[in-house]
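The opening position of the sequence shown corresponds to residue 200 in my numbering, with each subsequent residue numbered one higher. Working notes for the structure below.
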Amino acid sequence: MLPQALTTHLTERGVTVLRGHPACGLSLQAGRWKVSLGDSCLEADHVISALPASVLSKLLPAEAAPLARVLGTIRAVSVAVVNLQYQGAQLPVQHCIPQYTLGHWRKLESAAHFLAIHRLPLTLAGASYDGVAVNDCIESGRQAAARALGLELDP
């Protein structure tokens, strides 16, 4: 329900929502991101990534190797979903819940420091950074969008 409601909300406002086009890589060219989608590419002035940290770490370009190393250390665990109501339903979700280990805040500070020093037009958002609950992820996305647009949100 929530994903469909978000898609509807965004498309009504002129946003193109791409589904089934996983990002295969990121490159930075003349201060703009090139997002490889396998058979096509998108260009953007700024990217807000809500990908799990370990996934994003594998997509970053060589010039962001220090950031990729930090993000690659944020681990997630696998979960099993058992649905007793519908026979045969399976949800093979793996590595979906980030594990905030001792010193997680240091990793976040290191990532933020790298992004600031190198002025990468990339904002980190989502469960790998700011909390795993749905409301945490929504707030993380709101804050990320506001930062990318240079806006201040009301508390």
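Quick reminder that beta carbons are idealized off the backbone N, C-alpha and C, glycines included. These numbers were taken from a predicted model, which means no experiment stands behind them.
| Item | Value |
| --- | --- |
| Beta bridge counterpart(s) of residue 247 as assigned by DSSP | 322 |
| For residue 324 and residue 154, believed in contact at Cβ under 8 Å, the rounded distance | Limits of the chain in this structure are 200 at one end and 354 at the other, which puts residue 154 out of reach. |
| Helix, strand or coil at residue 223 [DSSP, three-state] | coil |
| Between the CA atoms of residue 305 and residue 236 - distance to the nearest angstrom | 31 Å |
| Terminal residues of the alpha helix (DSSP H) in which residue 346 lies | 333-348 |
| Bridge partners - residue 240, DSSP secondary structure assignment | 235 |
| Residue 225 versus residue 234 - alpha carbon distance | 5 Å |
| Distance between residue 219 and residue 285 (C-alpha atoms, nearest Å) | Unreliable positioning characterises residue 285 in this predicted model, as indicated by a pLDDT of 49, which lies under 50. The coordinate reading is nonetheless provided below. Taking the straight line joining both Cα atoms gives about 25 Å. |
| With 16 other Cβ atoms within 10 Å as the buried cut-off, status of residue 204 | exposed |
| Neighbour-count burial assignment, residue 276, 16 or more Cβ in a 10 Å radius | exposed |
| Among 244, 332, 223, 271, nearest to residue 231 - alpha-carbon criterion | 244 |
| Assumed close pair residue 326, residue 336 - CB separation to whole angstroms, cut-off 8 Å | 6 Å |
| Rounded straight-line distance, which links the Cα of residue 250 to that of residue 307 | 15 Å |
| Span separating the alpha-carbon of residue 248 from that of residue 216 | 15 Å |
| Cβ-Cβ distance between residue 258 and residue 266 below 8 Å | no |
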